[in-house]
Structures are given as structure tokens and as C-alpha cells.
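Undergrad: Protein chains in written order, with the working numbering: chain S, 1 to 186; chain A, 1001 to 1186.
First the structure, which I've put down as C-alpha cells, then a few questions once you've had a look.
Protein chains: 2
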Amino acid sequence: MADVYLALLHHPVYDKHGAVVTTAVTNLDVHDIARAARTFGVRAYWVCTPVATLRRLVDRIIRHWEVGPGAAYNPNRREALAVVRQAPALDDVIAEIDRETGQLPYLVATSAREGPARLRYDALRARLASGGPPVLLVFGTGWGLTDEVVARCDAVLEPVRGVTAYNHLSVRSAAAIILDRLRNGR
Amino acid sequence: MADVYLALLHHPVYDKHGAVVTTAVTNLDVHDIARAARTFGVRAYWVCTPVATLRRLVDRIIRHWEVGPGAAYNPNRREALAVVRQAPALDDVIAEIDRETGQLPYLVATSAREGPARLRYDALRARLASGGPPVLLVFGTGWGLTDEVVARCDAVLEPVRGVTAYNHLSVRSAAAIILDRLRNGR
């Protein structure tokens, strides 16, 4: 089984007007996605922001739960946050995976938008099952990954569809559902 | 297809020591679960707390996005929050569903814990597909629904399992995954 990694980009992403922006890091994006990553066996989850101050904030959050008051209060959080890493940008994540595994990851962009040649869940599950290079799932905050980021990925995963036309899940919910689909089949 | 409703209880729930407590309402529980509910066609999502001040807080959050500055800033939120209702307790939710549909809902408790006779997802999907009374999914905050609440439900849904022993998803992630499983099959 190939390893799965996850990255959450806060830049470059679109805002609702289509401008390329840097979003702020949200505390619950760190926690919720770490807990889902831990549950579904993700090897590492990178919170990516070019803003050094926000990386320091995430460091403080993690330290609070790892060695601060939170460690005694709720050890489960420490266990989840152990999968969290930080990087300024996607390139740093790719380089780190390459350094650790000796392989460049297969980059899978996620998007709420439909488009041509979307990678199906069963196809990605088959790829994971066959071994091979690690897979890096790339999530965007704000209004999603820029076209430039999507274009450099090897594939774009099909969006999570519900039963209505509404397709505005939080990135926390989308990540949880996608990991469940990849690990528990469908 | 039977209608699905959802309730998130802030009382009575356990804290980590097993004491019965009332948890605070979390802003993102309102938003994330509303967005997932809207995506997966849930008819209504009740945020339940006996604390009137917190119900007023939730009213303010909803008004901000419905008619306040948020309505222009992000109409998608308004659309999601339109499914949100409030109630002091589970009994009020049951009474409201009965009043609106003329039927008492089939109560399905959710839990991260294993236990005897858990309701499988395929069985619940079959029940939904066959029509019949509306189904109310009951979620707990904190460390989960009390035994008393679970005992009065008609069934307890099997927990969301990952690929590790870690089973501490946020209620936001668990609700998203469960709705996806019920609506998109597995």
C-alpha cells in the first residue's frame, strides 16, 4: 500500500473574486484534519503558509497540546498533532517527501469544481493498493487551489458530490470524506 | 426516500471523566455541519442547547449570514444556514418533526464507541430507500452522548473506523463522513 500524505495550502489560493491571495491559518483546520489524518493512516499532514508569523502560531498550538497544558488535558490531541508538519510552500513538501522516501510524490489536487479527466476514487484506491510512489493529496483553503497549482499536479481528484447542487463543504469536511473514501472504499 | 434530520446535542453529554455536562456551542459546528447537511440533502439540522444565551449567540451567527454583512459577503453560507434550527433539547426536536411530518422520527444515535448490535450503514441506507418515517441522526459533543440518550434511541450507528486504532474524529468530520456514507453508498 502506497503511503498517503496531505498538504493544506494557504497560498496560492483564490478568494471569491478569483484573486490570488494568502489565507489565514484556521486553528480547527490544524486540529480536524490532523485527527482525520491520524484516523486514516496519513503519514504526514503539512500546513503550508509563506507567512512565518502564522507558522509560529501553529507551532504554539502544537506545543500547547504536545508539551503544554493540553498534553495532560487531552492526550488524543497530541497523538493527532504528531502528524502535523509545516512548510512555506508546496515545493518544500515535495522536497521533504523526496528526501525521506527517495521518491517524488504523485501529486493529486483536490477541487470542488467539476472538470475534464477527473481522477476517480476507485482509480486512486487501485493506485494506492498497487504500491508505488507516495501520494500527496493537495487541498486549498479560501476558494480553492489556483489553476497554476492544479496544472502542476499529476491528477485532479473528482469532487465530493452530495445529493444537491450545493457544493460548498468546508475543507475540513471534504478532507475527512476523501480520506474515508480512499481508505474505506467506494 | 425517507427524510433525514440531524441534531447536535450539547446536553446531556459526557466530559472526559464521564461526568454529564453541558458543552459550549462551537461556531464551526454550526457552519461545517450545516454545509454538510445542505450538501447531502438533510431536511433540518438542530443545534440543541438548554442554555438560552448560547441559543441567542447562534441566532446572531445565523442572522449575520442571513441578513447581516455576511449575506452579501458569502451567499453560500446563508444557503447552508437555512437548514439550521435550534432547540433546548432532543424532545423538542422530536416534537417538531412529529408536528411537521405527522410521524415520530426513527432515532439513530451516533457514537465513536463499538458496542453490541450497531446499525450498519447498508441497513440504514436500505431503511432510507424504503421510505417510511423520517430518520433523526443524533450527534453528541464533548465525549459523546450519555448512555441515557443512547438507550432511548431506536438504534446506534456503527462507528466510523479508520485504518488505525485512533478514533477521535471531530464531530464535524464524523458527521460529514456519515452523511456521505448514507447518501453516496458504502
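Cβ coordinates follow ideal geometry from the N, Cα and C atoms, glycine included.
If you're wondering where the values come from, they're calculated on a predicted model, not measured in any experiment.
1) How is A1112/A classed by DSSP in three states: helix, strand or coil?
2) Output needed in chain order: residues of the segment 29-47 of chain S with a Cβ under 9 Å from some Cβ in chain A.
3) Compare the C-alpha of G1142/A against each of M1001/A, V1004/A, L1008/A and A1002/A and name the closest.
4) As a quick exercise: from A155/S, G140/S and E96/S, pick the residue whose alpha carbon is nearest that of A24/S.
5) Classify R161/S as helix, strand or coil using the three-state DSSP reduction.
6) Along the segment 1053-1073 of chain A, what residues have a CB closer than 9 Å to any CB found in chain S?
7) Report the rounded CA-to-CA distance for L145/S versus R1056/A, giving the unit in angstroms.
8) I'd like to know whether the C-beta atoms of V4/S and V135/S end up nearer to each other than 7 Å.
9) In chain order, what residues of the same chain lie with their CB nearer than 7 Å to the CB of G185/S, ignoring the 5 residues before and after it?
10) From which residue to which residue does the beta strand (DSSP E) around W46/S run?
11) Tell me which same chain residues have a C-beta within less than 8 Å of the C-beta of E79/S, skipping the five on either side of it?
12) Check whether chain S comes within 7 Å of Y1130/A, counting only Cβ atoms and requiring the distance to be less than that.
13) Would you say V150/S faces chain A, with C-beta separation under 7 Å as the test?
14) Enumerate, from N- to C-terminal direction, the unbroken alpha helix (DSSP H) stretches of 4 or more residues contained entirely within the segment 110-154 of chain S.
15) Could you work out which residues of chain A lie near S111/S, taking near to mean beta carbons separated by less than 9 Å?
16) On the three-state DSSP scale, how would you describe A87/S?
17) Drop a sphere of 10 angstroms on the beta-carbon of R1183/A, count the other beta-carbons inside from all chains shown, and report buried for 16 or more, exposed for fewer.
18) Which residues in the same chain have their Cβ closer than 7 Å to the Cβ of V20/S, if we skip the five residues on either side of it in sequence?
19) Check the C-beta distance from A1036/A over to L1179/A and give it rounded, since I have them as a contact under 8 Å.
20) Based on Cα-Cα distance, which residue from T26/S, C48/S and P116/S lies nearest to L6/S?
21) When you compare only the Cα positions, how much space is there between A87/S and W46/S?
22) Any contact of the segment 1092-1112 of chain A with the segment 155-170 of chain S, i.e. 3+ C-beta pairs under 8 Å?
23) Between the alpha carbons of A1072/A and W1065/A, how many angstroms are there, rounded?
24) When you compare only the Cα positions, how much space is there between F1040/A and A89/S?
25) For T1164/A, go through chain S and note every residue whose CB falls closer than 8 Å to its CB, in chain order.
26) So, with DSSP's three-state summary, where would you put V156/S?
TA: So, from the listed chains and residues:
1) A1112/A falls in the coil class under three-state DSSP.
2) Those residues of the segment 29-47 of chain S that come within reach of chain A (Cβ to Cβ, closer than 9 Å) are H31, D32, I33, R35, A36, R38, T39, F40 and G41.
3) Answer by Cα proximity: L1008/A.
4) Among A155/S, G140/S and E96/S, the Cα nearest to that of A24/S is on G140/S.
5) It is coil, neither helix nor strand.
6) Hits within the stretch, in order: Y1073.
7) The straight-line gap separating the alpha-carbon atoms of L145/S and R1056/A is approximately 36 Å.
8) With contacts defined as CB atoms closer than 7 Å, V4/S and V135/S qualify as a contacting pair.
9) Short of 7 Å from the beta carbon of G185/S, and not among the five residues preceding or following it, lie these beta carbons of its own chain, in chain order: R125.
10) For W46/S, the uninterrupted beta strand (DSSP E) run begins and ends at A44 to C48, by DSSP.
11) So the qualifying residues of the chain are R38.
12) Checking the displayed sequence, the identity of residue 1130/A turns out to be Ser instead of Tyr. Answer no: the Cβ-Cβ gap between S1130/A and chain S never drops below 7 Å.
13) With 7 Å as the cut-off, V150/S does not count as an interface residue toward chain A.
14) 121-129 and 147-152, all fully within the segment 110-154 of chain S.
15) Simply none; closest approach about 15 Å.
16) DSSP places A87/S within a strand segment (E or B) once states are collapsed to three.
17) Residue burial is scored here from C-beta neighbours: R1183/A has at least 16 other C-beta atoms within 10 angstroms and is therefore classed as buried.
18) Annotation for V20/S: P12, Y14 and T146 place their beta carbon closer than 7 Å to its own, counting only its chain and skipping 5 residues before and after.
19) The Cβ separation is near 5 Å, so the contact holds.
20) For L6/S, the closest of T26/S, C48/S and P116/S by C-alpha to C-alpha distance is C48/S.
21) Cα to Cα, A87/S sits roughly 7 Å from W46/S.
22) Note that the segment 1092-1112 of chain A does not touch the segment 155-170 of chain S; fewer than 3 beta-carbon pairs, one per stretch, sit closer than 8 Å.
23) So the alpha carbons of these two residues sit roughly 8 Å apart.
24) If you take the alpha carbons of F1040/A and A89/S, they lie about 33 Å apart.
25) Taking the beta carbon of T1164/A as reference, the chain S residues within 8 Å of it are R38, T39, F40 and G41, listed in sequence order.
26) Three-state result, V156/S: strand.
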